[in-house]
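Residue numbers (the numbering used here), protein chains in the order written: chain A, 23 to 337; chain B, 23 to 337; chain C, 23 to 337; chain D, 23 to 337.
Glycine included, C-beta positions come from ideal geometry on N, C-alpha and C.
Given below as structure tokens:
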């Protein structure tokens, strides 16, 4: 397929797209689950029906504790108790640890709460950003997803489609490429599905080492903002990318994170960041299928703006 | 059923039980997955086959950030960015947070890594406790469970069996009571199952407020050590209790945590602590069934001695 | 001396007192050092001139890592490296640790930055509270005191004056009692001095155990708001109390922290909290003097709203 | 002065030097204050006698929160409360923060406890390294210095002596250069003094940006191990360097940190790391003197292996 370079959206086009994709009010004025509402009991039954070989595959990146260009504030992880002395209580002995982290780092697999992103003063469903203070969010926190994200996962493997190891930083995936990937893999996204979107970001990282993917760095591959119309029309429940779904540089003028701005405040979409699919693609190829059950759950953290998590694919 | 008070095990009986329950070498000298090996593809397929109504239920306690008798070192959770000023990048805006915690607190739903408990200098499979230092474990860390715990969950609801709201601190559940609960609920534990073991610990906490359940406190209800023979014979894969499975005071002389000492170093059992089933029991009663699919995954943290997590039941 | 119960200030009296004590503009519109400006070179020379016996005494409470009624979010302190294994580098070996804390806890000796307290939307010198966001303060942070607090310390020992072990929670010290303590101890507060104000809070804690001294707890002894006129007239540079200077319940109607509201936003006073003088009073009694050199410095933390610190008296 | 390249010490010479410099037993078998014992009341009186102009100067580096080659695990510093909403209590309002850090980072001004360094299984005074576990040190922790480090500071400014902006990584300062600096500056180190040792490390960092000064990086300038004989003979109480006193590469064969290994386990010397003297040197030049009063105190942290701190020079 011939790819023409993606033209950036103008601000006016972006605003129009925001309104087109908006789910405000769709599930009531106080809804806090967004596109998770698309997941019907039937979706979950059907997802469970995909379980055949019983293989399970993590889609999380092992947590990276070393500072680097995509990990400027690495987590702290320390032992609390080792086995060097016996506890006063005697046997058995215990070892324990302590862990501290931000959730939204560029190389840590995490979910976003719907409060995580605001646009022009508004969160999803039109709630004001002032509902989130230093004391934390008063609504739309991560506990809205406490009972888990369960459904059919559909992997669209863009490097596979293009016949490359990975998409290069800056590459924007258009709607027609998502559709081409569907055809190539014999799948079709439908209501309540979890779009597992692979650009090869993590593969590139494994082979070339980490880089700064941010606006002040070398960039990353992701979706063109207009491709979100497909996710909207198909009623996708969740978006699980490697990278974070964005192209950097942005493909919308003056909006550095257009995908986040559209997915979260406009669509109320359940979004995750920085997954990895290197183990997953091997299993998909072996099983010759790109659909599977997905189960995932954020930590049940009141006031969380997101959560580290470990989503699992079940075949 | 008449319950006679549980007699504590003598040290000699404990040692004998340790050897009887031991799985050392069963899956090879370097196995690090323990009883997770019991989970066959068929187990996972059958678990998925239980999904009918598509309801999902978290079994995690909302993370408690206030110090209390069962939470002496509460997690730290702070905002990093609020919406109070715009980022230099302009729209959209983001809010983020920071979270720090120990994993093994008495009121935080978490998994134990197999390195978490040693007995007489040995971890599961006979590995030396010296393999865990202040630099962290060199083997048997939580990443052994990175691809998730998936299988059939079977709830044994002891307060339901006894017709009480909760078991009182110190109460020991014997093997015959587990079997009685199976009969009362029409289920039978089998290979690869996840035993969801309810004492009502969390219900008591909700109604009476928190207490110190440790050896220096008011105690807790749990399993009698001899009841583990049932889990062993039935080839249970994982143990998900409210509380932590122990009775306090201990039911083994001179061993303050006999259940941990037997489950983890001897059996290599996948264990979690401090779940809650208050939402779960309602669904079980409504659906009139006490078996369901369970999916759970720890954070993929190299060197972790455990992990906070959010296990989910799917009906 | 007969003490009549302190009458609470009305809101109107409080506002009047706020204006009377205000140092806004005294050292220029952009001053960020407040009453530290009172410390002249001569003050420091004179303070150094008090050094005779060469004894040094810490006025900090040992950092308390156990949760308790006055320590609801205790600091985290963990080993990072022990000596359990050799570093790859061989000899020598190192042990290191990790420490995490809030600064403004009720039982941790700390300084307040001038940004720490706002009143009716204004910080010291009339700066808006909006200058402090989740990104931290943009002015009046703790680095304004980076070059240290050095001067003459004058201990006013109120339990000594009253002939009691400690002042009881709720007790308010009036101006005339401060003056009586001066006379009893043969000292007189003057420009640039550091007022070391002892209520016996820490002594009470050592003898009776910790309690919650906050507005939702059992209270604490401190200054009556009107006593600040003495500190103002004498041009005190800094205020180092055990407790935090406040009485709880408050002695100003509708203002739970009147001392903080007057000292910091109105006066720009260098304030610390939660010191202890149990070692200090012994040395004062032995040396028969209640004046000494004080040296103290906060951590040099850009954006700090305060700092743990360890102030030292030199005799 | 002509400088010949420093020859590395052989292991045998190092061991001999270790024994020569050892203070084990000098102040009794259970002493935990090491060279702080050299500070007599007269030392402190004399130090106070140096206070004339009343200027105070911090010798701490502003705490650096950005990851970099000398800051691989930067501190975490977050707001806890901002002014974005009123506290339930009403006026006044408060802002607070949270801070977490290791103490021994290469760019953070900190003290070392005597337990921080062991050599061949022994700490200062021959105590075993096994006295420090994951539970922390049982002796020789930072609280041994709780009452402060007070005395005469003597700056030896090596770049000034050599007529350069800074010493280059790898440069070793010999004893004769310390003596030459004394002569050039008209000072002489004596008992109980605090040696303020300037290589220009921080100046280089300010001008060229940060680098990795460790054994796996670009190195640093410091003392030749044999120069410690001067510190020993003169009975120096404390050593406050920019950098950390070490040359990297090491000037002792097979010993990557010979200065630490000699100063701390052998000499029991009060050592700090990573100070900066850029403000100090300006004042010294203006006042035409390189001696001044120094006051410093670590946080009073039980079990601390060190402490961030902010040492102050008073002129």
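Residues of the region 69-85 of chain A that bring their beta carbon within less than 9 Å of a beta carbon in chain B comprise 69, 70, 71, 72, 73, 74, 75, 76, 77, 78, 79, 80, 82, 83, 84, 85, in sequence order. Between residue 139 of chain A and chain C, the shortest Cβ-Cβ separation is not below 8 Å. For residue 104 of chain C, the residues of chain B that pass the 8 Å Cβ criterion are 155, 156, in the order they occur in the chain.
According to DSSP, residue 193 of chain B shares a beta bridge with no other residue. Apart from the 5 residues on each side of it in sequence, residue 91 of chain C sits with its Cβ closer than 6 Å to the Cβ of 232, 233, 234 in its chain, given in chain order. Using a CB distance cut-off of 8 Å, residue 98 of chain B counts as an interface residue toward chain D. Per DSSP, residue 283 of chain D is one residue of the alpha helix (DSSP H) stretching across 280-283. Non-local beta-carbon contacts of residue 54 of chain A in its own chain, meaning distances under 6 Å to residues more than five positions away in sequence, involve 162, 166 in chain order. Nearest C-alpha to residue 77 of chain D among C:93, C:73, C:59, C:83: C:59. A distance below 8 Å separates the beta carbons of residue 214 of chain D and residue 62 of chain D. In the displayed model, residue 131 of chain C falls within coil according to three-state DSSP, outside both helix and strand.
According to the DSSP assignment, residue 67 of chain C belongs to the alpha helix (DSSP H) that extends over 63-71. Neighbours of residue 122 of chain B across chain C, judged by C-beta separation under 8 Å: 98, 122. By the Cβ rule, the region 39-58 of chain C does not count as touching the region 265-272 of chain C, because fewer than three pairs are nearer than 8 Å. If the five residues before and after residue 142 of chain B are omitted, its C-beta is found closer than 6 Å to no C-beta atom of its own chain. Using beta-carbon distances, residue 114 of chain B does not count as an interface residue toward chain C, since no partner is under 8 Å. Put simply, of B:323, B:128, B:242 the residue whose alpha carbon is nearest the alpha carbon of residue 96 of chain B is B:128.
When secondary structure is reduced to three states using DSSP, residue 330 of chain A falls in the strand class. At a cut-off of 8 Å between beta-carbon atoms, residue 315 of chain B makes contact with chain A.
Annotation: Cβ neighbours of residue 330 of chain B in chain A (cutoff 8 Å, chain order): 321.
With a contact defined as Cβ atoms closer than 8 Å, residue 286 of chain C and residue 247 of chain C miss out at about 13 Å. Distance from the CA atom of residue 312 of chain D to the CA atom of residue 240 of chain D, rounded to whole angstroms, is 30 Å.
Residue D:325 holds the alpha-carbon nearest to the alpha-carbon of residue 136 of chain D among D:332, D:334, D:325, D:333.
Straight-line measurement puts the Cα of residue 140 of chain A at about 5 Å from the Cα of residue 115 of chain B. Here DSSP, grouped into helix, strand and coil, assigns residue 208 of chain C to coil. In the structure shown, residue 287 of chain B falls within a helical segment according to DSSP collapsed to helix, strand and coil. When C-beta atoms of the region 143-150 of chain D are compared with those of the region 117-124 of chain D, fewer than three pairs fall below 8 Å, so the two segments do not count as touching.
Taking a C-beta cut-off of 7 Å against chain B, none of the residues of the region 257-291 of chain D qualify. For residue 228 of chain C, the closest alpha carbon among the candidates C:242, C:164, C:298 is that of C:298. For residue 102 of chain C and residue 289 of chain B, the gap between their C-alpha atoms comes out near 30 Å. At a C-beta separation below 9 Å, residue 89 of chain D has these neighbours in chain A: 89, 90, 93, 94, 95, 96.
Between residue 188 of chain B and residue 222 of chain B, the C-beta gap is smaller than 8 Å, which places the two residues in contact.
The beta carbon of residue 126 of chain C is closer than 8 Å to those of 132, 134, 138, 295, 327, 328 in its chain, skipping five residues each way along the sequence.
Residues of the region 224-240 of chain C with a C-beta atom less than 7 Å from some C-beta of chain D are 237, listed in chain order.
Contact note: residue 151 of chain B reaches chain A through 105, 115, using a C-beta cutoff of 7 Å and chain order. The beta strand (DSSP E) runs of length 3 or more contained entirely in the region 126-173 of chain D are, from start to end of the chain, 132-134.
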